[in-house]
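Heads up, the sequence shown is in full-length UniProt numbering, so the first residue is 1 and it goes up one at a time.
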Amino acid sequence: MFIKSLSHTFSRSKSSSSLRKHFQKVRGDPFNDKKRSQFYRSRAAFKLLEIDDKFHIFNRHCRNIVDLGFAPGAWSQVAVERLGNNPFTILGVDINHATPYKGCQYIQGDVTKTSTHSKIREFFTDEEGLTQPLDLIMSDMMVNCTGHDHYDHIGNMELCNAGLILAFNQLRAGGNLIMKVWQGSELKLLEARMKLLFAKSYAFKPQSSRSESSELYFVGLGKRDFKYQLLLSDLFGDIDEIGKLRKKLK
């Protein structure tokens with residue numbers, strides 16, 4: 001099972017009025033000033049810093065990390081800083097060409113494609129053919145916003161589902177997942193999937209997220225060890241089926 005490639009994402013040229021609003025927003029944003037003074041690649045770094053402060057993601061068990069939609073690399077940058085001298089391997093994945101942060105590696109690929117998931121698995125497979133499971137998947141991915149909330153939400157859900165598929169297949173039992181989500185009609189279904197796959201699941205809006213933004217972050221802690229009881233098709237059932245399955249597996 002896999003999701004279809006995004007077919008509805010497109011860029012939209014901004015009017016002079018919207019450009020003025022954008023520049024006013026940037027000029028009045030204290031996190032942009034902090035980004036420059038602290039040499040982060042983007043203001044998104046502060047969102048991950050807040051997430052880690054609250055949920056303690058970057059602990060000594062966090063070694064094999066995939067950063068989905070990593071460009072320009074601020075989240076990888078935070079991960080490197082927080083992990084310090086602990087051993088780690090960070091692989092950035094992005095549909096666009098980009099330069100990874102120092103100490104990290106990168107592959108170009110579309111996360112909604114099975115071929116990209118295969119490349120990730122190959123990257124974490126050693127010369128003896130042993131594949132190391134992932135400890136953390138983090139995703140700050142978002143489609144090119146259209147200005148239509150419904151389409152932006154549906155596009156984001158496709159990316160989140162791709163992240164869930166990667167977590168189902170390659171994240172170790174006990175591993176963690178962080179994903180940007182865009183609020184909308186399918187949010188409850190995604191939340192149900194997170195609660196099925198992880199022992200603990202949280203919705204969190206960092207202070208560094210703009211108040212008017214529809215973004216939240218879902219944090220899944222402790223991937224469940226299902227002992228082969230759960231199929232990928234179960235994870236992508238409807239919300240009632242998922243609810244029944246959660247009760248059955250407890």
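Glycine is no exception: its CB is placed at the ideal position from the N, C-alpha and C atoms.
With a threshold of 7 Å, establish whether the CB of residue i neighbours any heavy atom of the ligand SAH.
| i | result |
| --- | --- |
| residue 136 | Among the components of this structure there are no ligands whatsoever, and the ligand SAH is therefore not found. |
Is residue i helix, strand or coil when you go by DSSP?
| i | result |
| --- | --- |
| residue 247 | helix |
| residue 99 | coil |
| residue 71 | coil |
| residue 46 | helix |
| residue 285 | No answer is possible for residue 285: the residues shown for the chain start at 1 and end at 250. |
| residue 81 | helix |
| residue 215 | strand |
| residue 111 | coil |
| residue 33 | Residue placement at residue 33 cannot be trusted, given a pLDDT of 45 that sits under 50; what the coordinates show is reported in the next sentence. Correct three-state label for residue 33: helix. |
| residue 14 | Summary for residue 14: the model assigns pLDDT 43, below 50, so the residue's position carries little reliability; its value from the coordinates is reported in the next sentence. Correct three-state label for residue 14: coil. |
Quick one: give me the first and last residue of the beta strand (DSSP E) that residue i is part of.
| i | result |
| --- | --- |
| residue 67 | 64-68 |
| residue 205 | No beta strand (DSSP E) contains residue 205, which DSSP labels as neither H nor E. |
| residue 229 | Taken as a continuous stretch (DSSP letters only), residue 229 belongs to no beta strand (DSSP E), as it is neither H nor E. |
| residue 106 | 105-108 |
Spell out the partners DSSP gives residue i in its beta bridges.
| i | result |
| --- | --- |
| residue 57 | Paired residues: none, contrary to the question. |
| residue 90 | 65 |
| residue 223 | 198 |
Closest by CA to residue i, which one among the options?
| i | options | result |
| --- | --- | --- |
| residue 205 | 215, 197, 196 | 215 |
| residue 222 | 173, 247, 117, 233 | 173 |
| residue 182 | 168, 207, 155, 200 | 155 |
| residue 95 | 185, 127, 108, 89 | 108 |
| residue 135 | 168, 149, 115, 127 | 168 |
| residue 57 | 219, 231, 243 | 219 |
| residue 163 | 71, 190, 184, 124 | 190 |
| residue 234 | 250, 127, 86, 197 | 197 |
| residue 68 | 82, 113, 86, 53 | 113 |
| residue 102 | 119, 126, 45, 73 | 73 |
| residue 171 | 240, 120, 157 | 120 |
| residue 188 | 208, 213, 157 | 157 |
| residue 138 | 42, 105, 110, 92 | 92 |
| residue 47 | 208, 248, 232 | 208 |
| residue 43 | 71, 83, 177 | 71 |
| residue 115 | 99, 165, 129, 50 | 165 |
| residue 149 | 184, 210, 199 | 184 |
| residue 160 | 89, 217, 199 | 217 |
Starting from residue i and walking both ways along the alpha helix (DSSP H), at which residues does that stretch end?
| i | result |
| --- | --- |
| residue 122 | 114-123 |
| residue 235 | 232-235 |
**In chain order, each beta strand (DSSP E) run of at least 3 residues that lies wholly inside the stretch 131-179** = Qualifying beta strand (DSSP E) stretches, in chain order: 134-139.
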